[in-house]
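A.B. asks: Right, I'll just put the structure down here and ask away after.
2 protein chains.
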Amino acid sequence: MKRPTLKAIAKRAGVSVATVSRALSGRGRVDEATREQILRIAEELGYAPDMAARSLVLRRTENIGFLIHAVQSTSPHTFYGEILTAVEQESRRHRYHLHFATVEDDTLPSLIKENRVDGLILVGCDLSPSLIQSLKERRIPMVLVDNHLPGVDSIFTDNIGGGFQATAHLIRLGHRRIAFITETLNNLSFRERFEGYRQALEANGLPIDPELVAEGERGFEGGFVAMSRLLERARPTAVVAANDPTAASAMRAIRVRGLRIPEDIAVIGFDDDPIAVHTEPPLTTMRVFRSKMAVLAVARLLDLIKNPEQPALHIRIETQLMVRQSCGSPLTLS
Amino acid sequence: MKRPTLKAIAKRAGVSVATVSRALSGRGRVDEATREQILRIAEELGYAPDMAARSLVLRRTENIGFLIHAVQSTSPHTFYGEILTAVEQESRRHRYHLHFATVEDDTLPSLIKENRVDGLILVGCDLSPSLIQSLKERRIPMVLVDNHLPGVDSIFTDNIGGGFQATAHLIRLGHRRIAFITETLNNLSFRERFEGYRQALEANGLPIDPELVAEGERGFEGGFVAMSRLLERARPTAVVAANDPTAASAMRAIRVRGLRIPEDIAVIGFDDDPIAVHTEPPLTTMRVFRSKMAVLAVARLLDLIKNPEQPALHIRIETQLMVRQSCGSPLTLS
DNA sequence: TTGTAGGCGTTATCAT
DNA sequence: ATGATAACGCCTACAA
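Protein chains in written order, with this note's numbering: chain A, 18 to 351; chain B, 18 to 351.
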């Protein structure tokens with residue numbers, strides 16, 4: 018049994034394909050009796066328009082593309098998985114389908130060249146600006162998620178504000194020697210979180226000590242590496258980690274040296290990753306609204322597809338402090 | 018600047034669209050000089066065939082669909098994220114594109130009805146057999162990953178063998194009162210792992226004690242709930258968890274009661290999830306080959322697309338014991 | 001209200 | 001070796 022076509026329905030109903038098309042699409046007048054009959058037959062056959070034929074004539078695919086850099090997609094973080102799932106569900110709610118693709122370099126994804134999508138969600142700040150630029154020149158509707166760049170719509174987290182809040186929390190708890198660790202600073206989000214850390218120290222009259230800043234490496238062991246390096250040369254009383262997996266593996270490095278958390282070193286993370294509740298002790302962190310970003314991004318993208326000529330919007334979402342046990346004394350907060 | 022078409026190239030080159038099509042596709046003879054000129058122009062314009070037109074005439078989309086049940090996609094486990102990434106990269110290597118979709122009920126995904134994909138990768142064992150059955154009736158090429166069912170190609174993990182090995186490892190270490198915990202038994206993989214546990218006890222002449230088996234709930238807290246229930250009524254010396262997140266949160270429940278790991282209770286997990294190396298102590302677990310499953314699944318699916326009438330293949334992949342510190346005495350192993 | 005016909009971009013089958 | 005031309009399935013004027 019092959020896929021039913023308009024022609025098949027037309028033959029069964031004894032009308033022309035044009036009438037069937039009209040009946041099913043709802044555009045154009047059709048006799049009520051024949052319309053009902055057509056709908057019945059279509060239902061019976063499980064008819065749905067062939068998308069290739071449809072998009073050929075309509076000049077739209079009703080697909081959107083989810084693009085992410087391979088280094089982020091491959092990483093074991095759950096972060097982008099949650100965004101992906103939310104994007105898919107929101108797209109489907111609007112009758113759009115989702116293409117998932119990872120990119121490794123700056124070559125234009127075939128998704129675009131072959132016209133497989135009407136618009137793009139570009140996720141994460143590891144996608145190169147030059148790729149984004151060439152996409153923009155193609156005038157394909159798109160929105161950046163968890164990233165931002167002048168001239169392109171974006172939905173992102175207030176990383177600077179979050180880094181500031183996290184650091185301010187530690188200062189409020191009495192800490193003065195506060196370190197910052199990250200997998201790498203070669204990443205916009207992490208750099209912004211670092212900037213927030215810097216600003217908080219400055220705003221509180223504390224010195225910025227380069228000895229207290231350490232990079233590790235990409236991946237799940239990044240925090241372990243960064244923290245180990247740091248502890249070889251300095252002894253902070255608290256540390257801000259650029260994300261939760263980094264914080265979690267840094268905690269191992271701290272414990273390996275026989276230090277206690279939070280008594281000897283307080284730790285604060287970033288993201289409110291599911292892992293945060295499973296560290297020992299549970300991790301105080303900055304919550305990032307992943308599915309909120311996803312929902313806003315899909316809404317904005319569909320709007321841009323309908324109405325392409327709009328000034329770029331940049332939507333920044335604030336973070337939220339989640340106090341658990343890795344910084345101690347939650348009671349002193351007001 | 019709009020997308021270039023065959024016609025545009027033909028006009029520039031002063032030939033017909035048919036010639037251009039032949040030159041680009043490589044099928045049919047074309048004069049070497051004109052072929053080169055055409056390739057040059059196409060390159061210059063950044064031409065790529067419009068996929069809607071192409072798949073309309075070729076009757077194939079060069080897309081495959083990645084289907085997963087919403088409950089699994091939403092879960093914070095990184096498990097399926099790794100499979101997704103591997104499937105995408107392997108598909109792309111073969112010039113196929115990937116549709117990502119979650120399903121919540123048994124209605125036929127529109128991906129299929131609208132002919133948007135040539136085949137499907139069905140991931141996880143929460144997709145209902147009745148949905149799979151109706152897909153099969155549509156005769157759409159598909160392969161199950163991390164799931165199996167008679168009559169449909171599948172690539173899956175040897176869960177029974179893994180459960181057996183895990184339990185046997187504990188027995189080898191001298192344990193006699195070994196518990197089994199899981200988020201739920203309403204899931205094929207978890208039931209199979211339980212079955213492996215059961216068989217190992219039986220094979221070693223140990224009794225199966227229902228008091229030592231506990232279910233928790235779906236999600237990251239499942240292990241905590243299950244372990245708490247268990248400890249209220251029994252006191253095992255070791256516990257097999259149906260997966261690593263379950264094991265990780267069970268460890269919290271154990272510690273909350275002042276018990277030590279592995280001295281009071283040894284813990285073994287399943288999956289070798291990235292989290293396993295971050296628990297305290299690091300988790301001994303059964304490694305599952307996620308990207309291997311993905312690669313095999315894509316290869317098998319593309320073969321089925323080319324050549325649909327084949328007997329179903331069922332590929333089972335063994336697991337591998339990863340000894341870390343949560344069971345103690347790694348030295349006694351030979 | 002309904003049918004006829006043209007066209008979307010590509011491939012494939014014919015002639016030439 | 002190349003060029004018309006007819007599909008593929010759908011949509012939409014326009015005609016009846």
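In this text, a Cβ means the ideal position worked out from N, Cα and C, and glycines have one as well.
Just so it is clear, the structure is predicted and the values come from calculations on it, not from any experiment.
For B/Asn-176, which of helix, strand or coil comes out of DSSP?
C.D. replies: Note: B/Asn-176 maps to helix in three-state DSSP.
A.B. asks: Check the Cβ-Cβ distances between A/Gln-106 and every residue of chain B, and say whether any is below 8 Å.
C.D. replies: Answer yes: the Cβ-Cβ gap between A/Gln-106 and chain B drops below 8 Å somewhere.
A.B. asks: Run the CB neighbour count on A/Thr-119, radius 10 Å, all protein chains shown included, and call it buried at 16 or more, exposed below.
C.D. replies: It is buried - the Cβ of A/Thr-119 has at least 16 other Cβ atoms within 10 Å.
A.B. asks: So is A/Glu-297 in contact with chain B if we call contact Cβ pairs under 8 Å?
C.D. replies: It does; some Cβ of chain B falls within 8 Å.
A.B. asks: At 4 residues or longer, what runs of the alpha helix (DSSP H) sit wholly inside the stretch 260-307 of chain B?
C.D. replies: Counting only runs of 4 or more, we get 261-273.
A.B. asks: Whose CA, out of A/Gly-236, A/Phe-211, A/Phe-96, lies closest to the CA of A/Ile-225?
C.D. replies: Nearest C-alpha to A/Ile-225: A/Phe-211.
A.B. asks: What separation, rounded to the nearest whole angstrom, lies between the Cα atoms of B/Phe-83 and B/Asp-320?
C.D. replies: Between B/Phe-83 and B/Asp-320, the C-alpha separation is close to 16 Å.
A.B. asks: For the stretch 118-152 of chain A, which residues have a beta carbon sitting closer than 8 Å to at least one beta carbon of chain B?
C.D. replies: Cβ contacts with chain B come from Ala-118, Thr-119, Leu-125, Ser-127, Leu-128, Lys-130, Glu-131, Asn-132, Arg-133.
A.B. asks: Using alpha carbons as the reference points, say which of B/Thr-174, B/Glu-219, B/Phe-207, B/Glu-200 lies closest to B/Ile-188.
C.D. replies: Minimum Cα distance to B/Ile-188 is reached at B/Glu-219.
A.B. asks: Going along the chain, which residues of its own chain have a beta-carbon closer than 7 Å to the beta-carbon of A/Asp-175, five neighbours each way excluded?
C.D. replies: Excluding residues within five positions, the ones whose Cβ falls inside 7 Å are Arg-333, Ile-334, Glu-335, Thr-336.
A.B. asks: Three-state secondary structure (DSSP) at A/His-186?
C.D. replies: DSSP places A/His-186 in helix when its eight states are reduced to three.
A.B. asks: Once you ignore the five residues that flank A/His-192 on each side, which residues in its own chain have a CB closer than 6 Å to its CB?
C.D. replies: Counting only Cβ-Cβ distances below 6 Å, and skipping sequence neighbours, we find Thr-254, Ala-255.
A.B. asks: With a threshold of 16 other CB atoms inside 10 Å of the CB of B/Glu-53, please say whether the residue is buried or exposed.
C.D. replies: Exposed is the call here.
A.B. asks: Starting from the beta carbon of B/Val-68, find every residue of chain A whose beta carbon is closer than 7 Å, and list them in chain order.
C.D. replies: With the sequence shown as reference, residue 68 of chain B is identified as Met, and Val is not the correct amino acid for it. Simply Glu-131, Asn-132, Arg-133.
A.B. asks: Restricting to runs no shorter than 4 residues, where is the alpha helix (DSSP H) found entirely within the stretch 77-116 of chain A?
C.D. replies: Listed in chain order, the complete alpha helix (DSSP H) runs (minimum 4 residues) inside the stretch 77-116 of chain A are 87-91, 96-110.
A.B. asks: Considering Cα atoms alone, identify which of A/Asp-135, A/Glu-249, A/His-295 is closest to B/His-94.
C.D. replies: Closest option to B/His-94, Cα to Cα, is A/His-295.
A.B. asks: Please state the DSSP three-state secondary structure of A/Leu-318.
C.D. replies: A/Leu-318: helix per DSSP, three-state reduction.
A.B. asks: Would B/Asp-135 and B/Ile-322 qualify as a contact pair, given that the criterion is a beta-carbon distance under 8 Å?
C.D. replies: Closer than 8 Å, so yes.
A.B. asks: In whole angstroms, what is the alpha-carbon distance linking A/Cys-344 and A/Leu-148?
C.D. replies: Between A/Cys-344 and A/Leu-148, the C-alpha separation is close to 41 Å.
A.B. asks: Quick check on the burial criterion: 16 or more other C-beta atoms within 10 angstroms. Buried or exposed for B/Gly-239?
C.D. replies: That one is buried.
A.B. asks: Considering only C-alpha positions, which residue in the set B/Arg-194, B/Asp-67, B/Arg-317 is nearest to B/Ala-329?
C.D. replies: Ranking the options by Cα distance to B/Ala-329, first place goes to B/Arg-317.
A.B. asks: Using a Cβ cut-off of 8 Å (strictly closer), state whether A/Gly-286 contacts chain B.
C.D. replies: Answer no: the Cβ-Cβ gap between A/Gly-286 and chain B never drops below 8 Å.
A.B. asks: At the 8 Å Cβ level, is B/Phe-237 part of the contact set with chain A, yes or no?
C.D. replies: Chain A contact via Cβ: present.
A.B. asks: Quick one: what does DSSP say A/Ser-171 is sitting in, helix, strand or coil?
C.D. replies: It is a strand residue.
A.B. asks: Which value, in whole angstroms, describes the spacing of the CA atoms of B/Leu-62 and A/Ser-206?
C.D. replies: When rounded, the distance between both Cα atoms is 36 Å.
A.B. asks: Let me confirm a value: A/Ser-351 is counted as buried when at least 16 other C-beta atoms fall within 10 Å, else exposed. Which label applies?
C.D. replies: Per-residue confidence for A/Ser-351 stands at a pLDDT of 39, beneath the threshold of 50, marking its modelled position as unreliable; no derived number is given.
A.B. asks: Quick one: what does DSSP say A/Leu-218 is sitting in, helix, strand or coil?
C.D. replies: Three-state DSSP puts A/Leu-218 in a helix.
A.B. asks: In chain order, what residues of the stretch 256-284 of chain A put their CB closer than 9 Å to some CB of chain B?
C.D. replies: Those residues of the stretch 256-284 of chain A that come within reach of chain B (Cβ to Cβ, closer than 9 Å) are Pro-262, Ala-265, Ser-266, Met-268, Arg-269, Arg-272.
A.B. asks: Using a C-beta to C-beta distance shorter than 8 Å, which residues of chain A count as neighbours of B/Arg-193?
C.D. replies: Those within 8 Å of B/Arg-193 in chain A number zero; the least Cβ separation is about 29 Å.
A.B. asks: Tell me which residues share the same chain as A/Arg-208 and place their Cβ nearer than 7 Å to its Cβ, disregarding the 5 neighbours each side in the sequence.
C.D. replies: For A/Arg-208, where only same-chain residues beyond five positions count, the Cβ hits under 7 Å are Leu-202.
A.B. asks: Hey, does B/Gly-63 have any beta-carbon neighbour from chain A nearer than 8 Å?
C.D. replies: Chain A contact via Cβ: present.
A.B. asks: Are there 16 or more other CB atoms within 10 angstroms of the CB of A/Thr-349, so buried, or fewer, so exposed?
C.D. replies: The predicted model places A/Thr-349 with a pLDDT of 45, which falls under 50 and marks its position as unreliable, so this point remains unresolved.
A.B. asks: Measure how close the beta-carbons of B/Tyr-214 and B/Gly-180 come, nearest whole angstrom, since I'm counting them as under 8 Å.
C.D. replies: Right, their Cβ atoms sit about 5 Å apart.
A.B. asks: With a CB to CB cut of under 6 Å and the five nearest residues on each side skipped, what residues in its chain are close to A/Glu-105?
C.D. replies: Cβ within range, chain order: Leu-115.
A.B. asks: Does chain B have any CB closer than 8 Å to the CB of A/Leu-13?
C.D. replies: The displayed coordinates of chain A run from 18 to 351. Any statement about residue 13 of chain A would go beyond what the structure contains.
A.B. asks: Closest to B/Arg-246 by CA distance: which of B/His-165, B/Ser-308, B/Pro-227 is it?
C.D. replies: When only C-alpha atoms are compared, the closest one is B/Pro-227.
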